[in-house]
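Each residue of the sequence shown is one higher than the one before, counting from 0 in numbering that gives the first Met the number 0. Glycine is no exception: its CB is placed at the ideal position from the N, C-alpha and C atoms. Source: prediction; values computed, not measured. Notes follow once the structure below has been shown.
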Amino acid sequence: MLAGRRIVLGITGGIAAYKSAHLARLLVQAGAEVRTVVTESALRFIGPATLSGLTGVAPATGFWDEPTAAPHLDLARWADAVCVAPATAATMARLAHGLSEDLLSAVVLATRAPVVIAPAMHSEMWSHPSTRRNLAALLADGVTVVGPASGPLAGGDAGPGRMVEPEEIAAALERSLGAGTLEGWRVLVTAGGTREPIDPVRFVGNRSSGKMGHAVAEEAAARGAVVTLVTAADPPAARRLEAIRVETAQEMAEAVWSRAGEVDVAVMAAAVADFRPAQPASGKLRRAAGPPDLVLEPTPDVLAGVAAMRPRPFLVGFAAETGPAEGAVAKAVSKGVDLLVANDVTVAGSGFGSEDNEVALILPDGTLERWERLPKRRVAALLWERIAELRSRGTP
Ligand code: CTP
């Protein structure tokens, strides 16, 4: 289930680097998008042409060779997961201490995606107390460490320190991305901003791009769920994802209410209009007729309709706020949701139209959990982990 996943593959200077070419190939064959980042010493073991040929993109070799101002941040934010294979003793030391003097270490320091490393070194180096300390620090930071295995090493030696096989690294990457964790789940997601017609050419709308809801839907599908996405924006295409394109709050309500009884989880990320023109004109309103009186009426509350169903799915609401997240706590209670994701849409670089989101979760007991600013896909990944955890505790 690596299809569509974005993987940064970091390669450092050890003889096992030749196997990383095979790993790159496995990931590409599984449908992942792969960008490689190589250290200077890795280039003594593996050529850039090999990696370009396998991934379709030239490897990134350093800060100063890339056309963008901050290639480490671009790669760190782009990645759904970062893999370092092989990870030499020196690389482990750098990563454990946050020393970001080369591009790869800077990517690992800057990313908030899962990190998987596959150490490879001589047995003496692997068992040295400093490597043990670095290993403990990396594990404590949440890094997944696969291997090393025991077997033949460079220079005719043998023992623990050999990089595990590429298949095992690919499997660890899949696990770090939550592959299969939503297997058997049926999920409904709403997304986008509804448009309520004033006349055949004009509408009352909002600034939602649909990116957050689409990320939630795509992430669920990537984790194995069967997803229905009801969206007022142009939908993404993905395996196990059925998209239903709607325009108005009324259409969204009908699409959602007719399906919500069949799903396990409903995530309502759409920005639904609360009011619509009571009597949209059938023909274009003319300027010469002067400014029209726009009389508005309430739209159906899609979420409230799902909250009232018995039985109902595990229900996640979103709240677009223009102030501190504390303001959304009362909303979580009044809406009757199991989880509310609040975001302040006035924060620069977060929310409407942006690639990132800075959200706060309001948990069933009313506690507020603030998350740092993250790429929307990462917010979606963490959200599904949280939902799985809450559901396993026995909430509906
Ligand atoms: N929502 C909905 N149908 C509506 C309005 C909102 O399903 N007609 C859902 C949104 O998808 C979101 C949640 O309700 O999950 C909260 O939306 P928000 O606009 O923040 O809340 P409102 O209830 O509209 O409250 P207010 O406008 O007063 O902030």
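Does residue i pass the burial test, meaning 16 or more other C-beta atoms within 10 Å, or should it be called exposed?
i    : result
S19  : buried
E123 : exposed
A236 : exposed
R392 : exposed
P165 : buried
S149 : exposed
V56  : exposed
S104 : buried
V226 : buried
D449 : The structure shown does not extend to residue 449, since the chain is modelled only from 0 through 395, so no value can be given for it.
A119 : buried
E357 : buried
G141 : exposed
L293 : exposed
G191 : buried
P113 : buried
W63  : exposed
M0   : buried
P395 : Low per-residue confidence applies at P395: pLDDT is 48, beneath 50, and the placement is therefore not dependable, though the value from the model is reported in the following sentence. So P395 counts as exposed.
Y17  : exposed
M267 : buried
A23  : buried
K210 : buried
G397 : Outside the displayed range of the chain (0 to 395) lies residue 397, so it cannot be described from this structure.
S208 : buried
R161 : buried
Can you name, in chain order, every residue of its own chain whose Cβ lies under 8 Å from the Cβ of residue i, other than the five neighbours on each side?
i    : result
E39  : G12, T60, G61 and D101
I453 : Nothing can be reported for residue 453: it is not among the residues displayed for the chain, which extend from 0 to 395.
G365 : V328, A331 and V332
M91  : I116, P118, T130, N133, L134 and L137
E320 : G326, A327, A341, N342, D343 and V344
G204 : G192, T193, R194, E195 and A272
L98  : A92 and S104
E396 : With the chain represented from 0 up to 395, any question about residue 396 goes unanswered, as that position is not in the structure.
Spatial neighbours of residue i within its chain, please: CB distance less than 6 Å, with the 5 preceding and 5 following residues excluded, ordered by chain position.
i    : result
A359 : A324, A341, L367 and R369
A265 : L187, A259, V305, P312 and L314
A280 : D198
P196 : F202 and P279
G9   : V36, V83 and L103
E182 : G223
E336 : As written in the sequence, residue 336 is Val, which differs from the Glu given in the question. L314 and G316.
Just checking residue i against ligand 1 - is the residue's beta carbon closer than 8 Å to any of the ligand's heavy atoms?
i    : result
A270 : yes
V245 : no
T227 : no
K375 : no
V301 : yes
F317 : yes
M308 : no
M120 : no
T189 : yes
K437 : The shown model of the chain, from 0 to 395, leaves out residue 437, and the question about it has no answer.
D355 : no
D337 : no
D343 : no
T298 : yes
K334 : yes
A248 : yes
E320 : yes
D402 : Only positions 0 to 395 of the chain appear in the structure, and residue 402 is not among them; the question remains open.
D79  : no
D64  : no
D273 : yes
Apart from the five residues on each side of it in sequence, which residues of its chain come closer than 7 Å, Cβ to Cβ, to residue i?
i    : result
E218 : R376, A379, A380 and W383
R43  : G12
K283 : D198, P199 and V200
A69  : none
E65  : A59
P299 : A248, Q249 and A252
G158 : S122, S149 and L152
L53  : A20, A23, R24 and V27
V346 : E357
Considering only heavy atoms of ligand 2, does any lie closer than 8 Å to the CB of residue i?
i    : result
M267 : Summarising the ligand content, the structure contains ligand 1 and does not contain ligand 2.
Could you tell me which uninterrupted beta strand (DSSP E) segments, each at least 3 residues in length, are contained entirely in the segment 19-100, listed from first to last along the chain?
-> The segment 19-100 contains these whole beta strand (DSSP E) runs: 32-37 and 80-86.
For the segment 189-258, list the beta strand (DSSP E) runs that are entirely contained and at least 3 residues long, ordered along the chain.
-> At a cut-off of 3 residues, the continuous stretches assigned as beta strand (DSSP E) that sit fully inside the segment 189-258 are 225-230 and 240-244.
Can you list the alpha helix (DSSP H) stretches of 4 or more residues lying completely in the segment 261-288, in chain order?
-> Counting whole runs of 4 or more residues, the segment 261-288 contains no alpha helix (DSSP H) stretch at all.
4-residue-minimum alpha helix (DSSP H) runs that sit fully inside the segment 110-135, ordered along the chain | You should have 122-126.
Whole runs of the beta strand (DSSP E) within the segment 297-348, excluding any shorter than 3 residues = Annotation: the segment 297-348 contains the following complete segments of the beta strand (DSSP E) (minimum length 3 residues), in chain order: 313-320 and 338-343.
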